[in-house]
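Here the structure is laid out as structure tokens; the discussion comes afterwards.
Numbering (the working numbering), first residue to last: 212 to 310.
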């Protein structure tokens, strides 16, 4: 049989229908190229992502189902099933757009 690692942890990404400012996992390029894209006007400069994006996600999910409606937003909660909670940036924590 195969070897198992008792220290291995199963991670779960759970789609979230609300954009939380500190408890989500999203790719930096997706955040920059989609959420902060000035042509899409999802978030105005200096605006709060949560205030404008959360209603868009919820409306999209209500119209198209969780799977289809959430797909383009791509934000998830990470659960390592440890019972502990952690929030931090793995990449992009100090993102500044080039002007």
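From the three backbone atoms N, C-alpha and C, an ideal C-beta is built for every residue, glycine too.
- Per DSSP, reduced to three states, the secondary structure at residue 290 is strand.
- In this structure, DSSP gives residue 260 a helical state, which the three-state scheme calls helix.
- With a beta-carbon spacing of about 6 angstroms, residue 246 and residue 254 fall inside the 8 angstroms limit used to define contacts.
- In the displayed model, residue 266 falls within a helix according to three-state DSSP.
- The residue from 266, 286, 248 with its alpha-carbon nearest to that of residue 225 is 286.
- With contacts defined as CB atoms closer than 8 angstroms, residue 265 and residue 229 qualify as a contacting pair.
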